[in-house]
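Asks: One point on numbering: in the UniProt record's numbering, the residue at position 48 of the sequence shown is 48, and numbering is uninterrupted.
Glycine included, C-beta positions come from ideal geometry on N, C-alpha and C.
In this text the structure is predicted, and so the values were computed from the model without any measurement.
Sharing a structure here in structure tokens format.
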Amino acid sequence: MKSISRLPRISKAEAVLILITMLWGGTFLLVQHAMTVSGPMFFVGLRFAAAALIVALFSLKVLRGLTFLELKAGVFIGTSIMLGYGLQTIPSSQSAFITAFYVPCVPLLQWLVLGRRPGLMPTLGIILAFTGLMLVSGSQGAVLNLSSGEIMTLISTVAIAAEIIMISAYAGKVDVRRVTVVQLATASILAFLMIVPIQERLPDFSWLLVVSAVGLGLMSAAIQIAMNWAQKSVSPTRATVIYAGEPVWAGVVGRLAGERLPGIALLGAALIVAGVIVSEMKRRSVAGEFVTGDEASLDEEGLRKVE
1 MKSISRLPRI SKAEAVLILI TMLWGGTFLL VQHAMTVSGP MFFVGLRFAA
51 AALIVALFSL KVLRGLTFLE LKAGVFIGTS IMLGYGLQTI PSSQSAFITA
101 FYVPCVPLLQ WLVLGRRPGL MPTLGIILAF TGLMLVSGSQ GAVLNLSSGE
151 IMTLISTVAI AAEIIMISAY AGKVDVRRVT VVQLATASIL AFLMIVPIQE
201 RLPDFSWLLV VSAVGLGLMS AAIQIAMNWA QKSVSPTRAT VIYAGEPVWA
251 GVVGRLAGER LPGIALLGAA LIVAGVIVSE MKRRSVAGEF VTGDEASLDE
301 EGLRKVE
């Protein structure tokens, strides 16, 4: 049959991930303002403490049924969240460039840990998104000098990739609200514990800090619940391509706030969007046509058999 191409349809879960990625990018300016009145670890701890409390207040009845698997999953994911968020705050001239490496890390870990080799179209999507993310981050990272800050940022990159993989690995096996509370609480506790060894000064009281923590806590709660729910049916590789759009939305927010986006960043943003579209396209061997993720079969764990 003659090959027929069509634009991919976005599933409900993928649409949710796109929305939270927009929300995630929108937190950029708020975090910048909060960092003027607080150290990074204290703010990460406060932010996730607020998020854990918010989710817990809406989950009091279901929390009684917490299982050991949910506790373990929450602790593992929460640890990766703290490393991913916390270590990125350590000064590094090449932080944005190095952080982009989580994009190719995810399909590799998906293959090694989950035994699922990414298909052709998601791989092409990853390549486009990674290239775009490097362009958005700027060219100053073209030469990599691994100082202590760069090494910590590199560790945070692996942690981000591990978080995405673990969310998919446990998705469908745990209650979304219970595991979200545990992972947010874990991230908060670990961030607060890091204050002592890194000798971070405790901030003075500030309404900006309080409002920022509550606001970002609400956003973090929504983001983590959405990730835990949506990745039941969206593979780690595809989710990563969507998450790669975060700096694009951060740039949009920055532009609305008066910042200017360089032309190279706009090209990078276009490549990331192209990566999302390409990763959604699949080839159905019987009909010889491209089909969308909605039409692909799911395996027993809720992930795509063929990406």
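In or out: A49 buried (at least 16 other Cβ within 10 Å) or exposed?
Replies: Taking the sequence shown and counting its residues from 1, one reaches residue 49 at position 49. Looking at its Cβ environment, which holds 16 or more other Cβ atoms inside 10 Å, A49 is buried.
Asks: Among V252, E246, T237, G263, which residue has its Cα nearest to the Cα of residue 348?
Replies: Only positions 1 to 307 of the chain appear in this structure, which leaves residue 348 out of reach.
Asks: So, is L184 buried or exposed, given that buried needs 16 or more other C-beta atoms within 10 angstroms?
Replies: On the sequence shown, residue 184 is found 184 positions in, with the first residue counted as 1. Buried.
Asks: From this set, M82, V234, A56, G45, which residue's C-alpha is nearest Y170's C-alpha?
Replies: The residue given as residue 170 occupies position 170 in the sequence shown. Nearest of M82, V234, A56, G45 to Y170, Cα basis: V234.
Asks: By the 10 Å Cβ neighbour count, where 16 or more other Cβ atoms means buried, how is A106 classified, buried or exposed?
Replies: As a position in the sequence shown, residue 106 is number 106, starting the count at 1. It is worth fixing the name first, because residue 106 is Val in this sequence and not Ala. Answer is buried; the Cβ neighbour count reaches 16.
Asks: Do the region 56-75 and the region 161-179 meet, that is, are 3 or more Cβ pairs less than 8 Å apart?
Replies: Touching, yes.
Asks: May I ask you to report which of helix, strand or coil DSSP gives G65?
Replies: Taking the sequence shown and counting its residues from 1, one reaches residue 65 at position 65. Coil.
Asks: What first and last residue would you give for the alpha helix (DSSP H) that runs through E246?
Replies: Within the sequence shown, numbered from 1, the residue matching residue 246 stands at position 246. Looking at the DSSP string, the run of the alpha helix (DSSP H) that includes E246 is 246-256.
Asks: Pull up the distance between the alpha-carbon of S11 and that of T240, whole angstroms please.
Replies: Taking the sequence shown and counting its residues from 1, the one referred to as residue 11 is at position 11. Taking the sequence shown and counting its residues from 1, the one referred to as residue 240 is at position 240. When rounded, the distance between both Cα atoms is 15 Å.
Asks: How big is the Cα-Cα spacing for L114 and F205?
Replies: Counting from one through the sequence shown, the residue named residue 114 turns up at place 114. Counting from one through the sequence shown, the residue named residue 205 turns up at place 205. Spanning the two alpha carbons is a distance of roughly 45 Å.
Asks: Could you tell me whether the Cβ atoms of T157 and L271 are closer together than 8 Å?
Replies: Counting from one through the sequence shown, the residue named residue 157 turns up at place 157. Counting from one through the sequence shown, the residue named residue 271 turns up at place 271. Cβ atoms of T157 and L271: not closer than 8 Å.
Asks: Taking the alpha helix (DSSP H) that T36 belongs to, which residues open and close that run?
Replies: The residue labelled residue 36 in the question sits at position 36 within the sequence shown. Per DSSP, T36 belongs to no alpha helix (DSSP H) and is neither H nor E.
Asks: Quick check: is the beta carbon of G125 nearer than 8 Å to any beta carbon in chain E?
Replies: Looking for chain E here will not work: only one protein chain is present.
Asks: Would DSSP call F101 helix, strand or coil?
Replies: Translated into positions along the sequence shown, residue 101 becomes position 101. The answer is coil: DSSP assigns F101 none of H, G, I, E or B.
Asks: What are the boundary residues of the alpha helix (DSSP H) that includes L23?
Replies: The residue you call residue 23 lines up with position 23 of the sequence shown. Element bounds for L23: 12-26.
Asks: What's the gap between the Cα of G275 and the Cα of M82?
Replies: The count along the sequence shown starts at 1 and reaches residue 275 at position 275. The count along the sequence shown starts at 1 and reaches residue 82 at position 82. Straight-line Cα distance between these residues: approximately 28 Å.
Asks: Going by beta carbon distance, what residues of the same chain come within less than 7 Å of A56, once the five residues before and after it are set aside?
Replies: Stepping through the sequence shown from its first residue, residue 56 is reached at position 56. Cβ neighbours of A56 beyond the five flanking positions: L63, V181.
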